[in-house]
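Going line by line, the protein sequences match chains A and B. With positions in the first sequence counted from 1, the corresponding number in the numbering used here is that position plus 756. With positions in the second sequence counted from 1, the corresponding number in the numbering used here is that position plus 756.
There are 2 protein chains.
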Amino acid sequence: MEVEIKQLLADLQSLDQSLPDPSLHASLHKIQSRVEHLANLVKAEPVRRSKVQDMSTEVVDSNPYSRLMALQRMGIVENYERIRDFSIAIVGVGGVGSVAAEMLTRCGIGRLLLYDYDKVELANMNRLFFRPDQVGMTKTDAAVETLSDINPDVVLESYTLNITTVEGFETFMSSLKNKSFRPSKQGSGVDLVLSCVDNYEARMAVNQACNELSQTWLESGVSEDAVSGHIQLLIPGETACFACAPPLVVASGVDERTLKREGVCAASLPTTMGVIAGLLVQNTLKFLLGFGQVSPYLGYNSLKDFFPTMQMKPNPQCSNVACLTRQEEYALAKPERDAAAKAKLEAELPTEEGPLHDDNEWNISVVDDSEPEGLDTRSSDALPEGLTHELPTADAFQKLPTDAPVTDNDDLEDLRKQLEAINSA
Amino acid sequence: MEVEIKQLLADLQSLDQSLPDPSLHASLHKIQSRVEHLANLVKAEPVRRSKVQDMSTEVVDSNPYSRLMALQRMGIVENYERIRDFSIAIVGVGGVGSVAAEMLTRCGIGRLLLYDYDKVELANMNRLFFRPDQVGMTKTDAAVETLSDINPDVVLESYTLNITTVEGFETFMSSLKNKSFRPSKQGSGVDLVLSCVDNYEARMAVNQACNELSQTWLESGVSEDAVSGHIQLLIPGETACFACAPPLVVASGVDERTLKREGVCAASLPTTMGVIAGLLVQNTLKFLLGFGQVSPYLGYNSLKDFFPTMQMKPNPQCSNVACLTRQEEYALAKPERDAAAKAKLEAELPTEEGPLHDDNEWNISVVDDSEPEGLDTRSSDALPEGLTHELPTADAFQKLPTDAPVTDNDDLEDLRKQLEAINSA
Chain A
757 MEVEIKQLLA DLQSLDQSLP DPSLHASLHK IQSRVEHLAN LVKAEPVRRS KVQDMSTEVV
817 DSNPYSRLMA LQRMGIVENY ERIRDFSIAI VGVGGVGSVA AEMLTRCGIG RLLLYDYDKV
877 ELANMNRLFF RPDQVGMTKT DAAVETLSDI NPDVVLESYT LNITTVEGFE TFMSSLKNKS
937 FRPSKQGSGV DLVLSCVDNY EARMAVNQAC NELSQTWLES GVSEDAVSGH IQLLIPGETA
997 CFACAPPLVV ASGVDERTLK REGVCAASLP TTMGVIAGLL VQNTLKFLLG FGQVSPYLGY
1057 NSLKDFFPTM QMKPNPQCSN VACLTRQEEY ALAKPERDAA AKAKLEAELP TEEGPLHDDN
1117 EWNISVVDDS EPEGLDTRSS DALPEGLTHE LPTADAFQKL PTDAPVTDND DLEDLRKQLE
1177 AINSA
Chain B
757 MEVEIKQLLA DLQSLDQSLP DPSLHASLHK IQSRVEHLAN LVKAEPVRRS KVQDMSTEVV
817 DSNPYSRLMA LQRMGIVENY ERIRDFSIAI VGVGGVGSVA AEMLTRCGIG RLLLYDYDKV
877 ELANMNRLFF RPDQVGMTKT DAAVETLSDI NPDVVLESYT LNITTVEGFE TFMSSLKNKS
937 FRPSKQGSGV DLVLSCVDNY EARMAVNQAC NELSQTWLES GVSEDAVSGH IQLLIPGETA
997 CFACAPPLVV ASGVDERTLK REGVCAASLP TTMGVIAGLL VQNTLKFLLG FGQVSPYLGY
1057 NSLKDFFPTM QMKPNPQCSN VACLTRQEEY ALAKPERDAA AKAKLEAELP TEEGPLHDDN
1117 EWNISVVDDS EPEGLDTRSS DALPEGLTHE LPTADAFQKL PTDAPVTDND DLEDLRKQLE
1177 AINSA
């Protein structure tokens, strides 16, 4: 608009010079001052904050990162600024995904990839994030508009597509593989995928992509009655994938689409979705910045403020071929993992002349998941009082089996019972 | 801006009529068309959604309440539209209060009273809600700007004041007493006060006001290291008030202000604050609309995704005089409460000719908090199989003591231990 007003003022100026009658000048000057007033009004429109080069720890009102960098001084995070190196893909920019995107944007995440094919409607206004003036825009465009105003430091990529179509899935895959943001990164081009979709098919598409790319992801969901939800961590090969343990409705052979009858819409609440987005991004931050414990599964039953947790091993009979490949790889890499864990533990133990680390500020412990029976080769004489080796010696590793992780046959049955208990709670 | 452009066009029109030279008309017409283009640009600026008369259950994209009214069809809420009758006071419009206000606004709450004396700074941008273009505005003004755009149906009242000053406290009290929004309401003019402040003095001011007005309130807080928080329900006379059990730092005689050293700012995260705001407003909705169970206390330890709960009885030695008065009133009203509960139970039981309610969809139960020993006067013969009276008969009530609720002397000690355990967790 500023450009238009400048042109207008130039035109008025040239008209002024060609006016013959001096009495007309007064009228024209009045018009000119009106336009100048307009120009001031337009200038008074919001100025966007400029990009910042480095995250400063300085405690001043003008520093958008002071309260985040304070996490370092508080002893929660070792190096907060690392967050600028990370890329997060958010699939589904609805009631959970949009709030998750805003939280990550305000935290100063490096890069966000946003996927959705839907448009903003007034019917979305009962959840946080979108505004009535964005009705009719695609959710991805509206999100980029809002997020880039909030924090211009974040690199935003918007993908207006449906990942359950062949074409959409291909674009989804290639965008995840793109490593131009951090070419040195191992694996895919993103550090974590957040699934914030509202249906089974889209979750299966995310599951397929992440299994193929060996990409860790966090699943999230909110119930149709709006009063419960969950988040779940999925590490291909290491934890159950989404196809390892299909949800009850699928397991019992009911087509999800038949559940959604004509004219019947699911309920939703900004509260439940805000809590789930908060838990999702909090676990994302713990995962990226290495503090606290990332929850393998966390439920939220809002009627009773009950938060169930559980853990799921992969299903060796999983129908997803890529999942089975990841399970094999995970089993094969076990000796390597154990050796790395052992080396890390030993590196942290005091050498004869080195200083003794007598505190454990980060509460880090290395847990042995091998069978401990008959392997008690701990050289406790070399350790200070109160410390013991949690891992067997390198020789003992030779005797360990390297089979695929054994899954109890009861796992799925247990899971169904737990889900039923949660649903009926 | 639209008004200014209209005036401009009128002026150009009158200039056009007084121009002598036809060659000048062309220049002027060019100017006119530029201004018309500007007018269109201004018109293209966001249109606000109009107010709606009634909350519709219609499932169309243009209905901002369809997903909330669906809570009725889902069997969660009996009458969602009642939310328009309720007034909520939010004290402190920061990281928790602003998000709580947005959630309630999107839920279509009747009236919101907002209290804060602070201004928006760039340093607030790591939490949800405020935008960089609002820097410099008071938080209350910025909140009203954003919230009225989101939902013009909500009546917003903005109080830019500090409730810990004498004048501020008086205005706070009189605004809570004002019943013009719903003159028929019992008690104060608000249904619930949400405390979203960040310091002890302000919490004590809210506590004082609510004890004086016998006003139920919900307390909320987030730790200085940003990774834990809590909400707590306070019903004057019935539960502990904020002065009944002062926080550890106050109990141990440390002045809170000495903890905040020069140049040291507390850490904060949009995740923790979003979760606390979500839990706070979810419990507000449960309290207002009568579904689920309102948590007396709910903590959030984000490092371990641990959610401690507890309950606190009032302290008969509380230093707050108004709290002691409320405790006396509560004790005196016990027979009345018991009789009402008994009447309610009996009204819900089947009469001889009436239909039998064999389900309990809302899972409502009346629990007897009197001593059951020796009072087994249940007329179980009058009840259908599987149902028993949970309350003694009216005659038995005569024998019950009406003393003040007995508080175990160990309560405070227990509470300190619990708090220590939570903090060290």
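Glycine residues also receive a C-beta, built at the ideal position from the N, C-alpha and C atoms.
{"Asked": "Measure the Cβ-Cβ separation of residue 974 (chain A) and residue 949 (chain A) and say whether it is below 9 angstroms.", "Found": "yes"}
{"Asked": "For residue 915 (chain A), which three-state DSSP category applies?", "Found": "strand"}
{"Asked": "Buried or exposed for residue 964 (chain A), going by 16 or more other Cβ atoms inside 10 Å?", "Found": "buried"}
{"Asked": "Indicate whether at least one CB of chain B lies closer than 9 angstroms to the CB of residue 831 (chain A).", "Found": "yes"}
{"Asked": "Going straight from the alpha carbon of residue 843 (chain B) to that of residue 1028 (chain A), what length do you get?", "Found": "21 angstroms"}
{"Asked": "Which of the three DSSP states is assigned to residue 774 (chain A) in this structure?", "Found": "helix"}
{"Asked": "Rounded to whole angstroms, how far is the Cβ of residue 931 (chain B) from the Cβ of residue 915 (chain B), which I believe are closer than 8 angstroms?", "Found": "6 angstroms"}
{"Asked": "If you compare alpha carbons, which of A:885, A:764 and A:805 is closest to residue 791 (chain A)?", "Found": "A:764"}
{"Asked": "Quick check: the Cα distance between residue 906 (chain B) and residue 888 (chain A), rounded to an integer number of angstroms?", "Found": "6 angstroms"}
{"Asked": "In terms of DSSP beta bridges, what is residue 963 (chain B) paired with?", "Found": "Answer is none; residue 963 (chain B) lacks a bridge partner."}
{"Asked": "Within this structure, are the beta carbons of residue 1035 (chain B) and residue 982 (chain B) separated by less than 9 angstroms?", "Found": "no"}
{"Asked": "Please tell me whether residue 929 (chain B) has its Cβ less than 9 angstroms away from any Cβ of chain A.", "Found": "no"}
{"Asked": "Tell me which residues of the stretch 801–820 of chain A have at least one Cβ-Cβ distance to chain B shorter than 8 angstroms, keeping chain order.", "Found": "802, 803, 804, 805, 815, 816, 817, 818, 819 and 820"}
{"Asked": "Would you call the CB atoms of residue 819 (chain B) and residue 828 (chain B) closer than 9 angstroms?", "Found": "no"}
{"Asked": "Go through its chain and collect everything with a Cβ distance to residue 821 (chain B)'s Cβ below 7 angstroms, but skip five positions before and after it.", "Found": "811, 812 and 864"}
{"Asked": "Using a beta-carbon distance below 9 angstroms, is residue 877 (chain B) in contact with chain A?", "Found": "yes"}
{"Asked": "I'd like the ranges of any beta strand (DSSP E) spanning at least 3 consecutive residues and lying wholly in the stretch 805–851 of chain B.", "Found": "843–847"}
{"Asked": "Under 7 angstroms Cβ-Cβ, which residues of chain B neighbour residue 1021 (chain A)?", "Found": "815, 822, 823 and 826"}
{"Asked": "Does the structure place the stretch 837–851 of chain A close enough to the stretch 896–906 of chain B that three or more beta carbon pairs sit under 8 angstroms?", "Found": "no"}
{"Asked": "Tell me which residues of the stretch 1059–1070 of chain A have at least one Cβ-Cβ distance to chain B shorter than 9 angstroms, keeping chain order.", "Found": "1059, 1060, 1061, 1062, 1063 and 1065"}
{"Asked": "Is the stretch 1051–1063 of chain B touching the stretch 858–877 of chain B, taking contact as three or more C-beta pairs under 8 angstroms?", "Found": "no"}
{"Asked": "Is the distance from the Cβ of residue 869 (chain B) to the Cβ of residue 910 (chain B) below 9 angstroms?", "Found": "no"}
{"Asked": "DSSP state of residue 974 (chain A), grouped into three classes?", "Found": "strand"}
{"Asked": "Apart from the five residues just before and just after residue 960 (chain B), which ones in its own chain have a Cβ nearer than 6 angstroms to its Cβ?", "Found": "none"}
{"Asked": "Would you mind reading off the limits of the alpha helix (DSSP H) that contains residue 987 (chain B)?", "Found": "That residue, residue 987 (chain B), is in no alpha helix (DSSP H); its beta strand (DSSP E) goes 984–990."}
{"Asked": "With a threshold of 9 angstroms between beta-carbons, can residue 988 (chain B) be considered close to chain A, or not?", "Found": "no"}
{"Asked": "May I ask you to list, following chain order, the residues of the stretch 858–878 of chain B that have a beta carbon less than 7 angstroms from some beta carbon of chain A?", "Found": "858, 859, 862, 863, 877 and 878"}
{"Asked": "Taking residue 993 (chain B) as the reference, which of B:1101, B:841 and B:1071 has the closest Cα?", "Found": "B:1071"}
{"Asked": "Within 10 angstroms of its Cβ, does residue 1040 (chain B) collect 16 or more other Cβ (buried), or is it exposed?", "Found": "buried"}
{"Asked": "If you measure from the beta carbon of residue 1110 (chain B) to each beta carbon in chain A, is any gap under 9 angstroms?", "Found": "With a pLDDT of 49 at residue 1110 (chain B), under the threshold of 50, the modelled position of that residue is not reliable, and no figure is offered here."}
{"Asked": "When the Cα atoms are used, what is the spatial distance from residue 1159 (chain A) to residue 942 (chain A)?", "Found": "With a pLDDT of 45 at residue 1159 (chain A), under the threshold of 50, the modelled position of this residue cannot be trusted; read the value that follows with caution. Taking the straight line joining both Cα atoms gives about 26 angstroms."}
{"Asked": "So, is residue 951 (chain A) buried or exposed, given that buried needs 16 or more other C-beta atoms within 10 angstroms?", "Found": "buried"}
{"Asked": "Verify whether the separation of the beta carbon atoms of residue 933 (chain B) and residue 944 (chain B) is less than 9 angstroms.", "Found": "yes"}
{"Asked": "Going by DSSP, name the residue or residues bridged to residue 1057 (chain B).", "Found": "B:984 and B:1062"}
{"Asked": "Roughly how many angstroms separate the alpha carbons of residue 1154 (chain A) and residue 1095 (chain A), rounded to a whole number?", "Found": "With a pLDDT of 43 at residue 1154 (chain A), under the threshold of 50, the modelled position of this residue cannot be trusted; read the value that follows with caution. Spanning the two alpha carbons is a distance of roughly 11 angstroms."}
{"Asked": "Residues of chain B with CB under 8 angstroms from residue 786 (chain A), in chain order?", "Found": "767"}
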